[in-house]
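Going by the numbering used here, the final residue of the sequence shown carries number 258, and the count climbs one at a time with no gaps.
The beta-carbon is built from N, C-alpha and C at its ideal position, and this holds for glycine as well.
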Amino acid sequence: MPFRLVQLTDPHLFADPSGQLLGITTRRSFESVLTLALSGSTPPDALLLTGDLVHDETPAGYRYLGERLRRTGVPHFCIGGNHDVPALMTEHLDSVAPGPLALRRLGHWNLILLDSSIPESDGGSLTPTQLTQLAQLLDDERAPTLIALHHHPTAIGSAWIDRIGVANGAELLALCEGHAQVKAILFGHIHQDFSARHGGYLLLGAPSTCLQFRPGSPEFAIDACSPGYRELRLHPDGRLETRVARLEQYSEMPLYLAGGY
Ligand SMILES: [Fe+2]
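Below, the structure is given as structure tokens:
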């Protein structure tokens, strides 16, 4: 049986249950997406949350998320994004990646979690130490591997978002090219579905559980797609299947004319 991993990203939660991000009540949309992700005949084997977990930097936002994830009974892994507070993540969430690089097992697969955040910045980067440690890990660990981080390490064709990706993402891509066990690099931050092949692996972005950004837009623009998540099926022989699932419909309308958030 493949290992079924669900990626939930950029929930932008608030302490206030009715807190909104440009017209979307983020706790409500997160609950809807989580319910959809858990609705199959068997629950996923693990959940992966790839950052921008709480928007207002409050303990109450992280406490809600920690309790909600625990209540699913599903193992979960969390990495931070540009909107997160590492100390609050560590205090309130289980399975926060300890430090800039961490290794987790997903059945026959490895999951490597990278912290790409830079304090006080919307963009990201990886330190020389992180890249050195990653190279060492990939030399030592040969199981099929997923790498997850918040920021996108490649341009996605949307100028405003591409200015705030991983500044040295090309170094990560080059490093992974030399390691055939890397099957995919997963990221959040872009609030949209994205999939591209780079050499032997996939580059995969995912919709946010709240607000969606319009693909290909040169400046900030909101998309009409519903909130959603990405699912991955990881086969023991290294094959990977993936799809994006979205809410069939979502009742709240985002503020389409907003110029940023
Ligand atoms: Fe975000």
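Check your understanding: In angstroms, rounded to a whole number, what distance separates the CA positions of L131 and R1?
Key -> 24 Å
Practice item. Would you mind sorting D49 into buried or exposed? The rule is 16 or more other CB atoms within 10 Å of its CB. Key: buried
Review point. Do the stretch 98 to 117 and the stretch 49 to 68 meet, that is, are 3 or more Cβ pairs less than 8 Å apart?
Key: no
**Study point:** Separation of T124 from G225, as counted between CA atoms
**Key:** 31 Å
Check your understanding: Is the beta carbon of Q178 less than 7 Å from the beta carbon of P141?
Key -> yes
**Study point:** Cβ shell of A152 (< 8 Å), same chain only, five flanking positions each side left out
**Key:** D159 and G162
Review point. Taking C-beta to C-beta, are L90 and G58 nearer than 7 Å?
Key: no
Exercise for review: With a cut-off of 5 Å, give the chain-ordered residues whose Cβ is closer than this to any heavy atom of ligand 1.
Suggested key: D7 and D49
**Study point:** Sequence-distant residues of the same chain with beta carbon closer than 7 Å to H232, five excluded per side
**Key:** P(-1)
Point to revise | Bounding residues of the beta strand (DSSP E) (the contiguous stretch that carries L199) | key: Y198 to G202
Exercise for review: Could you tell me which residues DSSP puts in a beta bridge with A61?
Suggested key: Checking the sequence shown, residue 61 turns out to be Tyr, not Ala. Paired residue(s): none; Y61 is not in a bridge.
Review point. How far does the alpha helix (DSSP H) with G166 in it reach, from first residue to last?
Key: G166 to E174
Review point. Can the beta-carbon of L244 be found less than 7 Å from the beta-carbon of S29?
Key: yes
**Study point:** C-beta contact flag for L111 and F74 at 7 Å
**Key:** no
Check your understanding: Around the C-beta of M250, are 16 or more other C-beta atoms found within 10 angstroms, so that it is buried, or is it exposed?
Key -> exposed
**Study point:** Span separating the alpha-carbon of T56 from that of L201
**Key:** What sits at residue 56 in the sequence shown is Pro, not Thr. Approximately 30 Å between the Cα atoms of the pair.
Review point. Between L146, E168 and S155, which lies nearest to I109 when the distance is taken from Cα to Cα?
Key: L146
Review point. Just how far apart, CA to CA, sit G96 and I115?
Key: 13 Å
Check your understanding: According to DSSP, is S192 helix, strand or coil?
Key -> strand
Practice item. Please specify which runs of the alpha helix (DSSP H), each continuous and at least 4 residues long, are wholly inside the stretch 64 to 115, giving them in chain order. Key: 83 to 89
Point to revise | CB contact flag (L169, P150, <7 Å) | key: yes
Check your understanding: Could you give the C-beta distance for Y247 and S26, rounded to a whole number, given that I count them as a contact under 8 Å?
Key -> 6 Å
Point to revise | beta strand (DSSP E) segment containing T30, residue limits | key: The displayed chain sequence assigns Val, not Thr, to residue 30. Note, V30: premise wrong, no beta strand (DSSP E); alpha helix (DSSP H) at T23 to A34.
**Study point:** Where T126 falls: helix, strand or coil (DSSP)
**Key:** helix
Practice item. Quick one: grab the DSSP three-state call for A43. Key: strand
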